[in-house]
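Residue numbers (the working numbering): 255 to 859.
The beta-carbon is built from N, C-alpha and C at its ideal position, and this holds for glycine as well.
Every value quoted in this text rests on a predicted model; they were computed, and no experiment measured them.
Below is one structure, written out as structure tokens; comments come after it.
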Amino acid sequence: MGLTHTAFMEEDVKKGFDPRLARRFFAYVLRYKGLLWSATILLFFFRISAIAAPWITKVAVDRYMNHPELPLDERLAGIHWLVLAFLGVMFVKIVTNYAETLTTQMLGQRVMHDMRMSVFRHLQTLSLSFFSRNPVGRLMTRVTSDVSALNEMLTSGVVALAGDLVTLLAAIGIMLHYDWRLTLVSFAVVPPMMLGTRIFRRVSRQIYRITRAKIARLAAYLSENLAGMKVVQLFRRERENSRRFGEYGRDLYNTHLRATLYSAIFFPFVDVMRATAVALIFWYGGYRTHQGHVTLGTLIAFISLVELSFQPLRELAEKYNILQSAMAAAEKIFGILDEKPEVLDAAQTEALPDVKGDVSFESVSFAYDAGNDVLHDISFRAKPGEMVALVGPTGSGKTSIVNLLCRFWDVRQGSVLVDGHDVRKVAQRDLRKRIAIVLQDVFLFTGTVAENIAMGDRTMPRERIEAAARAVHADGFIRSLPGGYDARVSERGSTFSAGQRQLIAFARAMAADPRIIILDEATSNIDTETEILIQDAMRTLLAGRTSVVIAHRLSTIHRADRIVVLHHGKIVEQGKHADLVAAKGMYARLHELQFEEAEAAPAAK
Ligand SMILES: Nc1ncnc2c1ncn2[C@@H]1O[C@H](COP(=O)(O)OP(=O)(O)O)[C@@H](O)[C@H]1O
Ligand SMILES: [Mg+2]
255 MGLTHTAFME EDVKKGFDPR LARRFFAYVL RYKGLLWSAT ILLFFFRISA IAAPWITKVA
315 VDRYMNHPEL PLDERLAGIH WLVLAFLGVM FVKIVTNYAE TLTTQMLGQR VMHDMRMSVF
375 RHLQTLSLSF FSRNPVGRLM TRVTSDVSAL NEMLTSGVVA LAGDLVTLLA AIGIMLHYDW
435 RLTLVSFAVV PPMMLGTRIF RRVSRQIYRI TRAKIARLAA YLSENLAGMK VVQLFRRERE
495 NSRRFGEYGR DLYNTHLRAT LYSAIFFPFV DVMRATAVAL IFWYGGYRTH QGHVTLGTLI
555 AFISLVELSF QPLRELAEKY NILQSAMAAA EKIFGILDEK PEVLDAAQTE ALPDVKGDVS
615 FESVSFAYDA GNDVLHDISF RAKPGEMVAL VGPTGSGKTS IVNLLCRFWD VRQGSVLVDG
675 HDVRKVAQRD LRKRIAIVLQ DVFLFTGTVA ENIAMGDRTM PRERIEAAAR AVHADGFIRS
735 LPGGYDARVS ERGSTFSAGQ RQLIAFARAM AADPRIIILD EATSNIDTET EILIQDAMRT
795 LLAGRTSVVI AHRLSTIHRA DRIVVLHHGK IVEQGKHADL VAAKGMYARL HELQFEEAEA
855 APAAK
């Protein structure tokens with residue numbers, strides 16, 4: 255729960271405007287200068303055409319309607335023209351509005367796509383140490399909702415703000431042009447408005463923070479329950495968990511209601527301010543009209559213009575929230591983009607041509623966290639085609655050795671050599687091309703079985719895929735699937751049994767045809783019947799290749815050329831099975847234990 259919870263909780267961190275982050279974000283936007291300019295120009299015309307309507311009204315009233323002394327046909331002709339102009343302006347307004355929305359969205363979606371791709375590509379370059387520090391849930395948020403927050407800032411924040419500014423400036427400009435005194439009076443309500451907005455912003459930020467935390471708690475509880483549904487049902491926790499969920503839900507809803515009590519005041523408050531402004535115009539404008547300083551048309555135009563200017567003021571508080579979330583999101587996204595991979599290719603990489611598969615560890619010490627060595631002075635060698643087995647209790651460092659061989663991490667001391675090349679001196683891609691790894695928990699990707707075996711190599715011919723599957727006895731069960739090799743793999747292959755997934759993984763390794771194979775407890779979750787198949791598959795797979803095999807079941811590794819026994823990250827013994835048994839050390843004890851277990855098992859039934 256802890257991790258998921260913090261992953262959601264961190265949404266609460268709010269941030270003011272940060273020009274450095276804004277500039278970096280804007281660099282993405284500037285890639286689409288054409289769209290940006292189109293959107294800006296369209297926006298300008300849209301807002302100006304909206305402002306034009308009150309102005310046309312003013313002209314209609316002042317020139318024609320309010321002049322009974324003019325001949326009727328002259329008045330009618332003038333009004334006809336103004337009606338046409340009005341329709342024209344409205345048409346421009348509608349068309350530019352539509353086009354502006356389209357271009358802004360297009361711009362936003364492209365920028366979002368680019369950012370998602372940058373983050374995704376960058377994540378792929380990062381070393382595994384990064385992923386062991388950062389929970390998946392948090393990284394997911396970076397690629398999805400944080401990117402969306404930036405998009406929202408672009409489409410409804412920045413652009414709308416620019417539009418609001420155009421509206422406000424144009425309205426104020428027109429008003430000042432006709433009567434500056436009346437303009438000042440109309441905007442007399444702005445100071446109390448600002449004050450109200452400030453207070454509202456502070457309150458709403460607090461409420462927002464509290465509701466976010468409650469939503470996070472509810473979401474974390476939900477995700478925990480969904481993930482652990484099996485356990486929930488097994489332990490019949492349904493009712494209790496429903497009660498808890500209900501409790502969190504009710505709490506959230508109460509918070510929302512309380513929030514509404516405050517936030518609902520704001521909009522009526524703005525309306526009161528607007529009404530006050532209109533009333534002021536009637537009062538003072540009426541007086542000035544009477545005195546002949548202001549025409550009736552101007553008075554009418556003022557009322558419409560004030561109404562138009564209030565819309566942006568009303569939305570300012572909301573825009574501020576959008577900006578804050580976007581800044582927080584930008585900080586987190588660029589934080590990821592600034593992460594440097596800890597495992598880096600050397601500036602001058604050595605070529606790794608036909609690898610024979612000579613693996614050696616020379617006095618390797620290693621720590622995941624500095625100062626906390628999990629491997630001490632490890633040395634062993636596997637000559638081309640040999641099989642080395644790593645044996646030892648859980649946590650003794652077997653997987654860590656494998657991680658170093660694949661260079662997922664770098665050694666602290668000593669060196670790992672493949673065909674005499676230090677793995678730090680060759681390109682990671684070249685190294686990993688030579689190595690296949692089969693883990694206890696096989697990871698299948700969404701796609702077909704064949705694609706999972708070919709592992710993204712789209713050019714791999716079907717015959718090679720099938721031959722690989724046949725070689726490791728996976729062919730039989732794959733053919734019995736509906737669709738055979740084209741059967742769909744859903745959600746990480748959850749519809750396959752552990753043994754079936756294992757066979758697919760073996761086929762995957764076989765198809766890759768590497769010089770070096772690593773099996774990390776690849777045979778652990780397997781029933782006896784499948785085991786016979788797997789044992790045989792393993793022999794085929796390992797034949798002629800260098801292999802590093804980690805297995806709890808010692809029967810799997812009897813025939814290893816070398817068995818390396820680890821304890822607390824140190825090698826305590828190494829040698830062949832028979833020699834180690836004869837030496838009566840740790841391996842002999844482990845072997846004896848398993849042997850007794852195997853003897854005892856049938857008796858216990
Ligand atoms: N990503 C990691 N970060 C920090 N410590 C780790 C990490 N992975 C493993 N360890 C620690 O390294 C030690 C060796 O682990 P590991 O190599 O996985 O053992 P084994 O595979 O033999 O069970 C353990 O003490 C484990 O807690
Ligand atoms: Mg392990």
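Let me confirm a value: residue i is counted as buried when at least 16 other C-beta atoms fall within 10 Å, else exposed. Which label applies?
i    : result
N405 : buried
W309 : buried
I348 : exposed
D505 : exposed
M483 : exposed
R285 : exposed
N862 : Outside the shown range of the chain (255 to 859) lies residue 862, about which nothing can therefore be said.
R435 : exposed
F300 : buried
L644 : buried
Y318 : buried
Q363 : exposed
Starting from residue i, trace the alpha helix (DSSP H) in both directions and tell me its first and last residue.
i    : result
M319 : That residue, M319, is in no alpha helix (DSSP H); it is neither H nor E in DSSP.
A752 : A752 to A766
M448 : V444 to A481
R364 : L326 to T379
I719 : R716 to A725
S496 : E492 to L534
V313 : K287 to V313
L275 : P273 to V283
L659 : K652 to L659
L415 : V413 to Y432
T543 : G540 to H544
F489 : F489 -> no alpha helix (DSSP H), and no H or E assigned at all.
L404 : V401 to E406
L834 : H831 to A837
As a quick exercise: from the options, pick the residue whose alpha carbon is nearest that of residue i.
i    : options                   : result
R686 : L606, V337, A621 and L567 : L606
I811 : G823, V826 and M792       : M792
M369 : A281, L422 and Y541       : A281
D774 : W537, R843, T653 and M581 : T653
S633 : L488, V613, Y622 and A582 : V613
S558 : S809, R843 and K312       : K312
A339 : A832, A314 and L284       : A314
I655 : R396, D400, V818 and N479 : V818
D592 : F384, W291, F345 and Q545 : F384
R666 : M429, K637, S617 and R498 : S617
R455 : P273, T549 and E572       : E572
M860 : L324, V412 and A307       : Shown here, the chain extends from 255 to 859; a query on residue 860 therefore has no answer.
D599 : R813, R678, C660 and N626 : R678
T800 : L787, L808, R816 and Q789 : R816
A681 : E604, G738, G730 and N479 : E604
V597 : T379, Y432 and R688       : T379
K594 : G839, N320 and R375       : R375
Within the continuous beta strand (DSSP E) that includes residue i, where are the two ends?
i    : result
D627 : D627 to A636
D673 : That residue, D673, is in no beta strand (DSSP E); it is neither H nor E in DSSP.
T800 : T800 to I804
V692 : I689 to L693
D774 : I770 to D774
V884 : Outside the shown range of the chain (255 to 859) lies residue 884, about which nothing can therefore be said.
Who are the near neighbours of residue i in its chain, counting only those whose CB is closer than 7 Å to its CB and skipping five residues on each side?
i    : result
R742 : T702
V457 : Y516
R762 : N706, I707 and M709
L570 : T451
List the residues that DSSP assigns as beta-bridge partners of residue i.
i    : result
G391 : The partner list for G391 (beta bridge, DSSP) is empty, contrary to what the question assumes.
S614 : R635 and L671
K824 : H821
R396 : Looking at the DSSP assignment, R396 forms no beta bridge with any residue, so it has no partner.
T702 : R742
V680 : E604
Sorted by chain position, which residues of the same chain lie with C-beta nearer than 8 Å to residue i's C-beta, five sequence neighbours on each side aside?
i    : result
N657 : L382 and W663
N479 : V486, N495 and F499
Is residue i near ligand 3 - that is, is its Cβ less than 7 Å away from at least one heavy atom of it?
i    : result
S654 : Inclusion of ligand 3 in the displayed structure is not the case, the ligand content consisting of ligand 1 and ligand 2 alone.
Using C-beta distances below 6 Å, list every residue in its chain close to residue i, excluding the 5 sequence neighbours before and after it, in chain order.
i    : result
M764 : A722, A725, V726 and L795
T784 : G753
V365 : Y282 and V283
A580 : A403, L404 and M407
I461 : A513
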